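Colleague:
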Amino acid sequence: MKLLHWCSVSPEGPSGLAAVRFNKPVRVSFIRVFPLGAQPFVNCPDIVAETEPKAFYLDVFFNAHPLHPGESKEKQRAPNALVPTSIAYSGGQVDFTVDMGTEYSTRLMIIKGKFQVLSLAVYGEIVSEILPVPDTYEPTPLPSLSAAPLPKSVDPANAADPTQLARALLMLIPDSPPLHLVIRLIFCLKPAYDDWDDPKFPYHNDTDLQTDTDFSLERAWKMIETPIRDNTSEELISSFSERVAGLLGGKSVNQSYHIAKLFSISASQMPSLGLALCQQIDPTDVFDVSVVDDDTICHLLDAVANADFARHFGAEAFLNILQDIQDNSISDRSSKLAAGRLVDRIKGWGIFEDALSNSKADFETSMKMLNDIGNEEQSMGTWLEAMTFHEDLVTKLSENSVPSTQLPPPRVPSTSIEHDEFIRFVRAFIGIGAVFAAWAWSDSTGAEACRERALAIILMWQGVEGYREIVNRLLLVRQFSRRLKWIAVNEDGEPPKKSYTLAEQIIIEMAKDPQALLHTDFAETVLDLGPPLSFISESQRLSLRKAALVATDGLAAALEELAFSSDHPLSLRRLRTIRVSLAIVERELRTENGAHNGEYNVLETIWDEHSVGLVPQLLSVLTGVSGDLNEHFVVTSSPPAPMNQELVEQLFHTADDLLRLISLLSPSFPLTPRPLRYFSITLADIFACSEAAKTLYIQSSSAYVSAQTARQACITLICEISKLDLLSEAGKPASQIVFQALLEHGTRSSGRDPLSHLAQVFILIIDYVLPQMQDENDVWISTVLPPLLPEIKDFLRILDVQRKALVIRRIIALDDGVIGIAEWLLIEELKALLQTVTALRLSEDTPATVARQCQASMALQFLVEVLESSSSWFVTTISKVPDVCDTLKACIMALLDGQFTSTFLTTLVRSLATYTELTGIMFPVLLGLLRTQDDTPKLWSLSLEILKNLPPTAIHAGPLRQELGQSISALARAGDTLDPDVAKSLISILEWMILQEDKSFTILLGITPDEFWSLHERVMEKCSADKAEFLAGLRSQITFDEDEIIVPPSINLDTNVELFIPEIHALFRSAVVEEPPSTPKGTNVQDILGLVISPPNALLHSPQATTLTKTYANNDFRELRQVPSARQNTSRLPSTHVDDFGFAPPPPSMLLSEPFQPRLHTQ
């Protein structure tokens, strides 16, 4: 980026335009405007800016030229099209960003506005010097970013005195009153309109509490509607309180109202006044069920925002009165709710005061009380005045030391709050409230310097997590929403001010939360926005206006927007409208009382105006949002496009809003299987995208936070829809539909990182769908899992070893041997291993061979994982399930015959060798043990034990003789030293060989006589005397087959797999074309009765039936049935054509038609 142009221009001609021309096509990045007298360049002090006047609006037009007319994806502009933009210059040196994109350049800039001289510098790039996009992508490490803490001066959460910032702001206003008085006047004791013009304001109407003969309860509270002097004597306060108490009579509605009003006003005055009134008036003498109405309770709510009044009203007798109001059948719903809030606020003060000093207090309830107080101006002012002016509360808060490390306040709501986090939240709440009071005071008095700084601080806080939530909540208070409107709406066309720009930026930040637009005052603020605007563009204004109109029109407009078919990708404007619509529907659903049934109103509106139900509409919108999200995280070979964090943030927020609304509706409107399936897939995609966002965005960014919020919503929904007691409309268990959808979706990453996608689907399945509790086993094992065995098998094939073993362990725990699902899956894994090894023995050295070697190694690693983690089940399965035993034995033999080696194979056979009771697989285990053993005594001892326990029928002399000979030969070449235990085991093995009936064991293979007799001498040295005679006689008993045994080179399966991308593509493209099975055609020989007899199923499935089965292809079966003698009725249903049957999905029973089948026990 470089300086493209510097100039001072003035309007010329009758049109009043100024122009800047560039010698070459350029791409402008930003325009910098300099105030009068500024020196833009240090090295050129003679250049001085001449901008006049101090503030004005500008319209800037760029002549747009497409850089690549044929390649541009945007709609082409006319050759001389002028692209407009607006600038509101409010003084000082300011940079205005220009987003020209990458498709256009310009050579002309036209400026229009009410100015005399404009000094500006244009920065950007010359198009001819812009480097082309590289053909290849070279990854570079991303910079390590960390959030910088706020400056201490604007960080009240970490300040000993959180009001210091507000006091500093008030010092910018000449003759400003103290902070506590500003708080009273802004929040509680609001002056009349004419009072602001009084020269003595705010001390123009100080009351002296002097009473006269015409004194009444109404006059009493009107006397203190203005602030009383801080130096008012205790005698006057006491006398005033006594006069008020003397006016009390029998309980009545008017009296209770006036006393409540008096309490609410005095709560925000100096503390001594409220204490004096509390000492004189017992609330039980004034209030009971019969005389308390809504207005009275509202005034009491404001009063108990003061700690002194909360303690006074916390007596058991008064709390019983409030409980009677809630229990009274005559009281309306609003009164009951208000009485409940009053009880919570009274009790909340005690909890809050305890939390200020107790590290084990109930911080969550305390924070809820503060949030409730922050919703109302009077209560907020009363609480804020108490926390800044009541010495006991100020002291208790100041006793908490300020930590050395600056941290923001916690987000609200939060599940777990520590004491130091709570203190930061309280200090932040006080500091922010005090700054709001200073802002309002400066806005009312016209102190522009203070107003600008206050708004700038508020805007900065909106960008900080923890502060943002408190600020946006207070901005929704009626007074502050209106103040934003008064600042931002420039009806008189005055020159722009910095406060205008700041107010508009604050409105934009607030509008990101759709809940804000549901507040009438803020919606009116948005609707009143109009040109000229200092920061908000026309497109943004129209977008905000659209959302505000939907919020104003209510439920019908919201449902209309949700039913509207949107184009994709969704724009920020459309996302804002959708979010506001969702917020309206959610508010309606959550609103229910005796006169208002929100759910019924929603359904009635849908029935009247729409043909599609609400839940299908929401699912349709959610699917579109998920698709848009996915496009931001796809993996491409070209350099990725710039990240649009704002759009991603809003997409995640929209997904979260949709999921929250669907969660409200799902109990009442269960989904049919098809929508439920798509819903599960959509949840998985959003869940996976949220994980991808973690790798792209820093933890403190709003995009990251929104992604994790949506992730938690996905978890909540997936748990809800996969509950065992939830059935779809078709009566099918919802858990089965969800589980099947996730199993099949593991390989469908939609362009995202497939490994990350699979990992996220696995997390959903293993952590949130598969049951954790033992009492859920029966339902899952008997109903959910059996129909999904093929899907489970396919899902396991794509998992890595550790995750696959974890799934097997979970199923083992669920099944517990009832049906045998885990056993069936183990058989399928063994069959796959056997097929892989068989293919390896027949294949050449190709990329496919390398991939198969890796596959075989992983399969062996999986067997080791299962054996080590579930050894009891694994051993029991081998011993009791013949198919497992036979297939495992075939796998080991195939690996040994193919000369394949692997550390996992070694670990497997050595582990299995310790289970000598597994006689069915001990012979291949023995061969594997002999091949992998060294001079370790334990291994030779194991080999001997297995050899002695093997039945003769299980021994095959050929391979055993070869492995024994090679093991003895390896021992002979191991060195001169020989362990005595190894020598002992070797002698026993030789004795076993001599004693065998098959004398071929006395003929040693794979070892030369010299090697053997050399080893013989070393063994003689280590043996005992009773074995010396046996060893001496070996020369007459042992012979050698000296024919050279050519052993193929071993193939290590554990080598690193290195494949180029084209080779991987070729592997995926390769497909094995299998011809349909057929049998030779010939004459069908009939038996003597002239019938073709179908053997029973038991015989067909018998292992002995090897020649009684027949495979039919094409029309063989029908041709056979055309024989006249075969047309007799055999009471069989019509058959399905074999070829047609092959293309139909197999029924669940056929998927289990193996020699071993899971056992389903029914009662």
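Taking the numbering used here, I'd label the letters of the sequence shown as residues 3 to 1165. In this text, a Cβ means the ideal position worked out from N, Cα and C, and glycines have one as well. Model, not experiment: these values are computed from the prediction.
Name the DSSP beta bridge partners of L88, please?
Modeller: The sequence shown places Ser at residue 88, rather than the Leu named in the question. Beta-bridge pairing links S88 to D61.
Colleague: Considering V587, what are the terminal residues of the alpha helix (DSSP H) in which it resides?
Modeller: Its alpha helix (DSSP H) spans residues L574 to R592.
Colleague: Are the beta-carbon atoms of Q619 and A558 separated by less than 7 Å?
Modeller: Going by C-beta atoms, Q619 is not nearer than 7 Å to A558.
Colleague: Going straight from the alpha carbon of D769 to that of G626, what length do you get?
Modeller: Each residue's alpha carbon lies about 27 Å from the other.
Colleague: Return the chain-ordered list of same chain residues with a C-beta closer than 7 Å to the C-beta of S12, the five sequence neighbours on each side being excluded.
Modeller: Cβ within range, chain order: A20, Q118 and V119.
Colleague: Does DSSP classify C46 as helix, strand or coil?
Modeller: Coil at C46, not helix or strand.
Colleague: Alpha carbon to alpha carbon, what distance is there between S400 and E420?
Modeller: Their Cα atoms are separated by approximately 17 Å.
Colleague: Can you tell me where the alpha helix (DSSP H) holding V306 begins and where it ends?
Modeller: Looking at the DSSP string, V306 is not in any alpha helix (DSSP H), and its letter there is neither H nor E.
Colleague: Taking the straight line between their C-alpha atoms, what separation do you get for L395 and A357?
Modeller: Roughly 12 Å separates the two Cα atoms.
Colleague: Let me know the secondary structure DSSP gives T918 once reduced to three states.
Modeller: Of the three classes helix, strand and coil, the one that applies to T918 here is coil, per DSSP.
Colleague: Nearest by alpha-carbon distance to T903: which of D1056, I765 and Y917 is it?
Modeller: Taking only the C-alpha atoms, the option nearest T903 is D1056.
Colleague: Could you tell me whether the Cβ atoms of A307 and T384 are closer together than 7 Å?
Modeller: Contact flag set, yes.
Colleague: DSSP three-state call for K263: helix, strand or coil?
Modeller: If DSSP states are grouped into helix, strand and coil, K263 belongs with the helices.
Colleague: Could you check what DSSP says for C300 in three-state terms: helix, strand or coil?
Modeller: Helix at C300.
Colleague: With N25 as the anchor, note down where its beta strand (DSSP E) starts and where it stops.
Modeller: Start and end: L19 to V35.
Colleague: Under the rule that 16 or more other beta-carbon atoms within 10 Å means buried, what is K501, buried or exposed?
Modeller: Sequence check: residue 501 is Ser here, not Lys. So S501 ends up on the buried side.
Colleague: For R29 versus S107, is the C-beta distance shorter than 7 Å?
Modeller: Their beta carbons are under 7 Å apart, which means R29 touches S107 by this criterion.
Colleague: Can you check which of these residues, P953, T607, L591 and I608, is closest to G600 by C-alpha distance?
Modeller: Nearest of P953, T607, L591 and I608 to G600, Cα basis: L591.
Colleague: Does the structure place the segment 254-271 close enough to the segment 296-305 that three or more beta carbon pairs sit under 8 Å?
Modeller: Judged by Cβ distances under 8 Å, the segment 296-305 makes contact with the segment 254-271, as three or more pairs qualify.
Colleague: Considering D97, what are the terminal residues of the beta strand (DSSP E) in which it resides?
Modeller: Start and end: V96 to T99.
Colleague: Got a sec? Which residues, its chain only, sit under 7 Å from S270 by beta carbon, not counting five neighbours each side?
Modeller: Answer for S270: R186, C190, L191, G383, T384 and E387, listed in chain order.
Colleague: Would you grab the beta carbon distance between I580 and E562 for me? Rounded to a whole angstrom, and I think it's under 8 Å.
Modeller: Contact flag wrong, Cβ pair sits at about 12 Å.
Colleague: Quick one: any contact between the segment 664-677 and the segment 690-698, if contact means 3 or more CB pairs under 8 Å?
Modeller: In short, these stretches do not touch, since the Cβ pair count stays below three.
Colleague: Is K514 buried or exposed, if buried means 16 or more other CB atoms sit within 10 Å of its CB?
Modeller: Answer is buried; the Cβ neighbour count reaches 16.
Colleague: Quick test of your reading: F63 and P86, contact by CB under 8 Å. State the CB separation rounded to the nearest angstrom.
Modeller: The Cβ separation is near 5 Å, so the contact holds.
Colleague: Below 8 Å on the Cβ atoms is my contact criterion, and I expect Q762 with F689 to pass it. Report the Cβ-Cβ distance as a whole number of Å.
Modeller: With a Cβ gap of about 5 Å, Q762 and F689 count as contacting.
Colleague: Identify, in the order they occur along the chain, each residue of the same chain with its Cβ nearer than 6 Å to the Cβ of Y917, setting aside the five sequence neighbours on each side.
Modeller: Correct list, in chain order: V877.
Colleague: If you draw a straight line from the alpha carbon of F681 to that of F671, how long is it in whole angstroms?
Modeller: If you take the alpha carbons of F681 and F671, they lie about 14 Å apart.
Colleague: Alpha carbon to alpha carbon, what distance is there between F864 and A1068?
Modeller: If I take the Cα positions, the gap works out to 27 Å.
Colleague: Does any heavy atom of the ligand ZN sit closer than 6 Å to the C-beta of Q935?
Modeller: Although the ligand ZN was asked about, the structure shown includes no ligands whatsoever.
Colleague: Alpha carbons only, please: which of G435, A341, P498 and V491 is nearest the one belonging to V473?
Modeller: That would be G435, whose Cα lies nearest to the Cα of V473.
Colleague: Near A1100, what residues of its chain come up, given a Cβ to Cβ distance below 7 Å and the 5 sequence neighbours on each side ignored?
Modeller: Bear in mind that a pLDDT of 37 at A1100, under 50, signals an unreliable position, so the number given afterwards is only what the model happens to contain. Within the same chain, A1100 has no close Cβ partners at all.
Colleague: Taking the continuous beta strand (DSSP E) assigned at Y706, which residues delimit it?
Modeller: Taken as a continuous stretch (DSSP letters only), Y706 belongs to no beta strand (DSSP E), being part of the alpha helix (DSSP H) at S704 to I723.
Colleague: Using the rule of at least 16 other Cβ atoms within 10 Å of the residue's Cβ for burial, across every protein chain shown, is S874 buried or exposed?
Modeller: Under this definition S874 is an exposed residue.
Colleague: What's the gap between the Cα of T165 and the Cα of V437?
Modeller: C-alpha separation (whole angstroms): 8 Å.
Colleague: Provide the residue(s) that pair with G465 in DSSP beta bridges, ordered along the chain.
Modeller: Looking at the DSSP assignment, G465 forms no beta bridge with any residue, so it has no partner.
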